[in-house]
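Report on the structure given below.
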Amino acid sequence: MNNTRNLVILAVVLVVLGGISLLQGASHRQQTSQAATEVLVPDTYGVDDLDRITLGQGDKEVVVDLVRDPDGWKVVSAWNAAAADNRLDGMLKAVSGLSGEFRSDNAGVVADYGLDDSTAVHIRCYKDGKPVVSLEVGELAKNHPGNFVRQTGSPKVYLSNVSLLSPLGIYGELTAPKSRQFLELQAVKEDRLAVDRIVIRDGNSTLEMHKEFAMIQPDTSGGEPAPDRNTWEWQLDEPRSVALAKTKTDGVLGTLVSIRATDVGDPGADPAVYGLDQPPRSATLVMNDGSEVVLEFGIERETVGDHPGGTYLRVQGKDTVWVANNYTVKNIFKELDDLLPDTK
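In the numbering used here, the protein residues as written are 2 to 345.
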């Protein structure tokens, strides 16, 4: 009788202990049915509302440093190169009004969410020199667009309603943010209709070509014909006079007037480091107002780690050193035969 009663008591104790264990485990699982939602960033911020943004990871508090000055946002951690407003907008839209579903308040399990001191990604936003946003961002949740996140100094973990890492260029495994994600990489942007002439120099060879515009006849008998800047053919002037294939030469023009770089270099370095002290190649756009845009091309650089390879490029008269994709460069420096009309 006593044995039976003891067995019953033992069974009850085991059931109670098992229930407690299940409840404790469930309270700290990354997926939970608790629906408590809290606003983590109550305000909305745009690029004109802040004066500094820093990003980091783990013990590296600042890896990316973005500062706004009278000329706009600069990537201080990339030699004060201009920042891309659209990238900043994307990040701030994700942060502004951020809310999250409660997941845990146990400091002992923050590592389960990628939020410990060695892995969490830091987002800090400053206004008038004072922090207004300070977040630690962890792993991406399964079957959910958001990340696990906590406010700096708090053990409370939330699941954000939007992804905070994709605007930083971080996908999959937690890694440190990169300055290159926020660079303005539009190296050249000109109006193709405003270009009258192109001069391409490659070592000792030069290709010089100009547009021959169609003429618009005057509406009145006393008027003079005027060039139609929307309609032209290409004529080579150097090394010899010959008609060029419009489609092929327009391809060169299109590349020259809109070049997106893949990275930047240190503008304070010796130009010889980039082969820009005496550039071996250049391309000049002669505009209809007589001004010139001269693109100077230096040496190639190899891909190293997450720094893409390419060819160093500088716009004459400007400080920024760009890295242009080699495919872009190849589309500029063509052989003359590549620009001639196809033979039948």
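Using N, Cα and C, we set each Cβ at its ideal position, and we do this for glycine too.
- Spatial neighbours of A325 in its own chain (CB-CB distance under 8 Å, excluding positions within 5 residues in sequence) are listed in chain order as A188, I260, A262, T263, F298, G311, T312, Y313 and L314.
- Scanning the stretch 139–202 for uninterrupted beta strand (DSSP E) segments of 3 residues or longer gives 148–152, 158–161 and 187–190, listed from N- to C-terminal end.
- The three-state reading of DSSP puts P272 in helix, counting H, G and I together.
- The straight-line gap separating the alpha-carbon atoms of R181 and A79 is approximately 8 Å.
- Just measuring C-alpha positions, the residue of P309, K128 and E225 sitting nearest M216 is E225.
- Here R104 carries a strand assignment [DSSP, helix/strand/coil].
- A straight-line Cα-Cα distance of about 15 Å links T232 and G255.
- Around the beta-carbon of E336, fewer than 16 other beta-carbon atoms lie within 10 Å, marking it exposed.
- Taking C-beta atoms as the reference points, M210 and T250 count as a pair closer than 8 Å.
- Unbroken alpha helix (DSSP H) stretches of 4 residues or longer found wholly inside the stretch 219–264: 247–258, given in chain order.
- Apart from the 5 residues on each side of it in sequence, A108 sits with its Cβ closer than 6 Å to the Cβ of P156 in its chain, given in chain order.
- Bridge partners of L286 according to DSSP: I199 and V294.
- Under the DSSP assignment, T321 falls outside any alpha helix (DSSP H); it carries neither an H nor an E label.
- Per DSSP, the unbroken beta strand (DSSP E) holding K75 starts and ends at G73 to V76.
- Shown here for E213: same chain residues with a beta carbon closer than 7 Å to its own, the five before and five after excluded, namely W233, E234 and Q236 in chain order.
- For D338, the three-state secondary structure derived from DSSP is helix.
- When C-alpha distances from R198 are compared across A37, G291, I333 and R88, the shortest belongs to G291.
- For L41, the CB contacts under 8 Å within the same chain, skipping 5 residues up- and downstream, are L99, S100, G101, L136, V150, Q152, Y159 and S161 in chain order.
- By the C-beta density criterion, S105 is buried, having at least 16 other C-beta atoms within 10 angstroms.
- Judged by their CB atoms, L166 and V96 are not nearer to each other than the 8 Å cut-off.
- Secondary structure of A79 (DSSP, three-state): helix.
- Residue state for V42 is assigned as coil, using DSSP reduced to three classes.
- Judged by DSSP secondary structure, V96 falls within the alpha helix (DSSP H) whose first and last residues are D86 to V96.
- In the structure shown, the three-state DSSP call for A37 is coil.
- Judged by pairs of C-beta atoms under 8 Å, the stretch 40–55 touches the stretch 123–143, as three or more such pairs exist.
- Cβ neighbours of T344 within its own chain (closer than 6 Å, five residues either side excluded): none.
- In the displayed model, V122 falls within a strand according to three-state DSSP.
- For the options V265, A284 and I300, the alpha carbon positioned closest to that of V274 is the one of I300.
- Excluding residues up to 5 positions away in sequence, G310 lie with their Cβ nearer than 6 Å to the Cβ of E303 in the same chain.
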